[in-house]
Amino acid sequence: MAARKPTEKTLGESLRERGVSRRGFLKFCAATASMMALPPSMAPAIAAALEKAKRPSVIWLSFQECTGCTESLTRSHAPTLEDLILDVISLDYHHTLQAAAGDAAEHAREQAMAANAGEYLVIVDGSIPGPDSNPGFSTVAGHSNYAMLMETVENAAAVIAVGTCATFGGLPAANPNPTGAMSVMDLVKNKPVINVSGCPPIPMVITGVIAHYLTFGRLPELDAYNRPMAFFGQSIHDRCYRRPFYDKGLFAKTFDDEGARLGWCLYELGCKGPTTYNACATMRWNDGTSWPVEAGHPCLGCSEPKFWDAGGFYNAVSVPTSASGMNVLAAGAAGAVVGGAVAALAKKQTKTAVTHRQPVTVEELEAKL
Amino acid sequence: MSGSMEFLLWTKGPMFNIAIAIFAIGLLVRIAEIFMLGRAKNFAEARAGEWGPGLRTMVTRTVADPGTFQRAPFNVVVGWVWHIGFLMALLLFLPHIALIESLTGLSWPALPNPVISLVTSVTLVALIATLVHRMTHPVKKRISTVEDYVVWAVVFAVVLTGWLAYYRLVNPYPLVLGMHILSAEIMLILLPFTKLTHIFTTFIARWYNGAAFGRKGVQS
Numbered sequence: 001m002a003a004r005k006p007t008e009k010t011l012g013e014s015l016r017e018r019g020v021s022r023r024g025f026l027k028f029c030a031a032t033a034s035m036m037a038l039p040p041s042m043a044p045a046i047a048a049a050l051e052k053a054k055r056p057s058v059i060w061l062s063f064q065e066c067t068g069c070t071e072s073l074t075r076s077h078a079p080t081l082e083d084l085i086l087d088v089i090s091l092d093y094h095h096t097l098q099a100a101a102g103d104a105a106e107h108a109r110e111q112a113m114a115a116n117a118g119e120y121l122v123i124v125d126g127s128i129p130g131p132d133s134n135p136g137f138s139t140v141a142g143h144s145n146y147a148m149l150m151e152t153v154e155n156a157a158a159v160i161a162v163g164t165c166a167t168f169g170g171l172p173a174a175n176p177n178p179t180g181a182m183s184v185m186d187l188v189k190n191k192p193v194i195n196v197s198g199c200p201p202i203p204m205v206i207t208g209v210i211a212h213y214l215t216f217g218r219l220p221e222l223d224a225y226n227r228p229m230a231f232f233g234q235s236i237h238d239r240c241y242r243r244p245f246y247d248k249g250l251f252a253k254t255f256d257d258e259g260a261r262l263g264w265c266l267y268e269l270g271c272k273g274p275t276t277y278n279a280c281a282t283m284r285w286n287d288g289t290s291w292p293v294e295a296g297h298p299c300l301g302c303s304e305p306k307f308w309d310a311g312g313f314y315n316a317v318s319v320p321t322s323a324s325g326m327n328v329l330a331a332g333a334a335g336a337v338v339g340g341a342v343a344a345l346a347k348k349q350t351k352t353a354v355t356h357r358q359p360v361t362v363e364e365l366e367a368k369l
Numbered sequence: 370m371s372g373s374m375e376f377l378l379w380t381k382g383p384m385f386n387i388a389i390a391i392f393a394i395g396l397l398v399r400i401a402e403i404f405m406l407g408r409a410k411n412f413a414e415a416r417a418g419e420w421g422p423g424l425r426t427m428v429t430r431t432v433a434d435p436g437t438f439q440r441a442p443f444n445v446v447v448g449w450v451w452h453i454g455f456l457m458a459l460l461l462f463l464p465h466i467a468l469i470e471s472l473t474g475l476s477w478p479a480l481p482n483p484v485i486s487l488v489t490s491v492t493l494v495a496l497i498a499t500l501v502h503r504m505t506h507p508v509k510k511r512i513s514t515v516e517d518y519v520v521w522a523v524v525f526a527v528v529l530t531g532w533l534a535y536y537r538l539v540n541p542y543p544l545v546l547g548m549h550i551l552s553a554e555i556m557l558i559l560l561p562f563t564k565l566t567h568i569f570t571t572f573i574a575r576w577y578n579g580a581a582f583g584r585k586g587v588q589s
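Keeping their order, the protein sequence lines are chains A and B.
Residue numbering for the first sequence is 1 to 369, as defined by the numbering used here.
Residue numbering for the second sequence is 370 to 589, as defined by the numbering used here.
As structure tokens, this is what we get:
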């Protein structure tokens, strides 16, 4: 995949070359339309646009990350149309997937940037040690992550931050954030940044965003965290198949009780579904096989900011992140001491007033008139 | 704080600690002061016991006598409705029980969520009725102070945001949940320093009244 220039073939031509039938292609377009919450009538328009679309050059930068996002993307649906879509974009630079190494790999990135200035997409996974951090905390080919990101996005059309580390800082930015890790949107201010959060994100979301970009030539509608509304517009809780149990008040209390076996709501076991926006409940994982809540585990809220610092994974959403009963007792004890002191002072003042009382007779008062 | 999730985490973390500390310190200051000030020694011989009448008065003063009901049926009925509704929503809603359990280790069974939502809706209507009554009743209007309206607003905000959060009527959800937690924290902070202290002092005062009557041998 090294130093490959974007071909002049359209996406439609590339797909046909790879044996994807017209029917399969239209099915993908219809699925994309419904996934992106577009009316079904948009499917032919998507098909027409994708047919003609030129393969965009994509530079994938990996910084402080675990490669889980790439693993998710490449392994979960193998081999499907989504993989091909990824393949038919011109992925000119990707640490894990590219064959080239060393100088040749870096050369591919520079060449793609020069050949497609202003048009290429940058995908980032992993957080970045901020400009004030030690540049040696994370480097690629001798460049600090920060320098490489800023240089690469300079002439990009848009930046897609993939995974919670790139979108919100993720694990590297968790308290006490030893590397001063920052997210892409913290650093890139002059380019459109689209966030695809999740640890890892759902592969279809990444391909869906790229398909949307190819179809409409612009990025999809975004939420307050720059995430595509089509995938992050609804919470896990609102689309959860266990929701009826929440509404009825039927909860699993432990992982092996009757409620857990009957598939009741996992709220008490710490499910962060109510505060988490992602498409797991509808799109599911491993080619639609299952997803964490279906497997009996509460949602961790991995697609939300600060999810590592949001209190225990197994504490209910309503439980405070740091307060303990001991703190309350200590505060109460301090209050009791202060209250006792105030009362003692008041008693003493009363006593003093009584001993220093100077009686006044009526005659004395009248004399003052 | 750039977004709703950060806001929610702030209300669940640092702000909760501040609120619960002010609440615990303030309340214990008030209660310790009340108890330690004590009362002037009564040298008269007691005519009867204090405990029985004290405990009885805690109940009898809670249930309005027929005369009070006839004079102010609205106050009695609506007051009861929203107090019971508020307490049920506070103590029998599962997320609230989970919060109490995390702080105290104590827990008890919750009511089904639809019951709580119904009770909360009734409480909201009753609270609005109390405000309208307060603003239109010729006597109540004149004796109401700024504190009365502040306390009403805080209580109403807690119930309203909780109701909005339950029905997920504000998007994004972390924003409305954060607003609910923040308004509850404001209530906790105000509690020791306003008439909200009655939550903890009412029954103490009723016991004291009954005990004083009992000691004198009069009906309590």
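We treat Cβ as the ideally placed atom computed from N, Cα and C, and that holds for glycine.
May I ask which residues mark the beginning and end of the beta strand (DSSP E) holding A:D92? Element bounds for A:D92: 90 to 93.
Residue nearest to A:G312 in terms of C-alpha spacing, selected from A:A334, A:L15, A:K272, A:V338: The residue among A:A334, A:L15, A:K272, A:V338 with its C-alpha nearest the C-alpha of A:G312 is A:K272.
Rounding to the nearest angstrom, what Cα-Cα distance links B:M548 and B:T530 in this structure? Each residue's alpha carbon lies about 7 Å from the other.
Thinking just about the alpha-carbon of each residue, which of B:Y577, B:R584, B:M556 is nearest to the one in B:F392? Of the listed residues, the one whose Cα sits closest to B:F392 is B:M556.
Report all residues from its chain with a CB closer than 7 Å to the CB of A:A316; omit the five preceding and five following residues, and keep chain order. If the five residues before and after A:A316 are omitted, its C-beta is found closer than 7 Å to the C-beta atoms of Y267, E268, G270, all from its own chain and listed in chain order.
B:F462 and A:T321 closer than 9 Å at C-beta: With contacts defined by Cβ atoms closer than 9 Å, B:F462 and A:T321 do not form a contacting pair.
Going by other Cβ atoms of all chains shown within 10 Å of its Cβ, with 16 needed for buried, is B:L475 buried or exposed? So B:L475 ends up on the exposed side.
Where B:T473 meets chain A, residues with beta-carbon distance less than 8 Å: Chain order gives the chain A residues near B:T473 as G325, where near means a beta carbon separation below 8 Å.
Going by DSSP, what residue range makes up the alpha helix (DSSP H) through A:S14? From DSSP, the alpha helix (DSSP H) with A:S14 extends over 11 to 17.
Nearest to A:D186 by CA position, among A:E154, A:P220, A:P129, A:P274, is which residue? Of A:E154, A:P220, A:P129, A:P274, the residue nearest in Cα terms is A:P129.
Can you check whether the C-beta of A:H297 is within less than 9 Å of a C-beta belonging to chain B? No, no contact with chain B.
Which residues of the region 244 to 255 of chain A have a Cβ closer than 9 Å to any Cβ of chain B? Give them in chain order. The residues in question are Y246, D247, K248, G249, L250, F251.
Do A:C66 and A:S127 have their beta-carbon atoms positioned less than 9 Å apart in this structure? No, Cβ-Cβ distance for A:S127 and A:C66 is not below 9 Å.
Here's the rule: buried if 16 or more other CB atoms are within 10 angstroms of the residue's CB, otherwise exposed. What is A:P79? Below a pLDDT of 50, predicted positions are generally treated as unreliable, and A:P79, at 46, falls in that range; no measurement from the model is reported.
Sorted by chain position, which residues of the same chain lie with C-beta nearer than 8 Å to A:L214's C-beta, five sequence neighbours on each side aside? So the list reads L11, A49, L50, A53, P56, once near-sequence residues are dropped.
If we call anything under 9 Å between Cβ atoms a contact, is A:C69 one with A:P201? Contact: yes.
8 Å CB neighbourhood of B:R537 in its chain, flanking five on each side removed: Beyond the five residues adjoining it in sequence on each side, B:R537 comes within less than 8 Å, by CB distance, of V545 in the same chain, given in chain order.
Of all the beta strand (DSSP E) runs that stay within the bounds of the region 148 to 233 of chain A, which reach a length of 3 or more residues? Complete beta strand (DSSP E) runs here, min 3: 158 to 162, 193 to 196.
For B:I553, go through chain A and note every residue whose CB falls closer than 9 Å to its CB, in chain order. Position check: residue 553 of chain B holds Ala in this sequence, whereas Ile was assumed. Correct list: empty, because the minimum Cβ distance to chain A is about 10 Å.
Just to confirm the assignment: which complete beta strand (DSSP E) runs, minimum length 3, are found wholly within the region 97 to 121 of chain A? The beta strand (DSSP E) runs lying completely inside the region 97 to 121 of chain A and spanning 3 residues or more number zero.
I want to check one thing, is the minimum distance from the CB of B:L406 to the heavy atoms of the ligand SAH below 8 Å? In terms of ligand content, the structure shown is empty, and the ligand SAH therefore cannot be addressed.
Enclosing alpha helix (DSSP H) for B:W576 [first to last residue]: Per DSSP, B:W576 belongs to the alpha helix (DSSP H) from 567 to 585.
To the nearest angstrom, report how far apart A:G233 and A:S197 are at their CA atoms. So the two alpha carbons sit approximately 13 Å from each other.
Closest by C-alpha distance to B:E402, when choosing among A:A161, A:A344, A:K351, A:H356: Out of A:A161, A:A344, A:K351, A:H356, A:A344 has the C-alpha closest to the C-alpha of B:E402.
Neighbour flag for A:E106 against chain B, beta carbons, 9 Å: Chain B, which has no Cβ nearer than 9 Å to the Cβ of A:E106, makes this no.
Terminal residues of the continuous alpha helix (DSSP H) containing A:S41? Premise fails: A:S41 is in no alpha helix (DSSP H) and is neither H nor E.
Could you check if A:Y120 is buried or exposed, using at least 16 other CB atoms within 10 Å of its CB as the buried criterion? With 16 or more other Cβ atoms from the protein chains shown falling within 10 Å of its own Cβ, A:Y120 counts as buried.
Helix, strand or coil for A:D125? Go by DSSP, reduced to three states. A:D125 carries a strand assignment under DSSP once its states are collapsed to helix, strand and coil.
Among A:V319, A:A47, A:C302, A:A108, which residue has its Cα nearest to the Cα of B:L472? Comparing Cα positions, the closest option is A:V319.
If you draw a straight line from the alpha carbon of B:L460 to that of B:I466, how long is it in whole angstroms? Going by the C-alpha atoms only, they are around 6 Å apart.
Run of the beta strand (DSSP E) containing A:W285, from where it starts to where it stops: First-last for A:W285: undefined, no H or E at that position.
Let's test the definition: count the other Cβ atoms within 10 Å of the Cβ of A:D241 and tell me whether it reaches 16, buried, or not, exposed. The sequence as given places Tyr at residue 241 of chain A; Asp does not occur at that position. Result: exposed.
For B:R575, count neighbouring C-beta atoms within 10 Å of its own C-beta (all shown protein chains included) and say buried if the count is 16 or more, exposed if not. Under a 10 Å Cβ-count criterion, B:R575 is classified as buried, with 16 or more other Cβ atoms of the shown protein chains found around its own Cβ.
Cβ-Cβ separation, A:C299 to A:T282 (assumed contact under 8 Å), whole Å: That pair is no contact at about 13 Å.
Tell me which residues share the same chain as B:F525 and place their Cβ nearer than 7 Å to its Cβ, disregarding the 5 neighbours each side in the sequence. Taken in chain order, the residues that qualify are L496.
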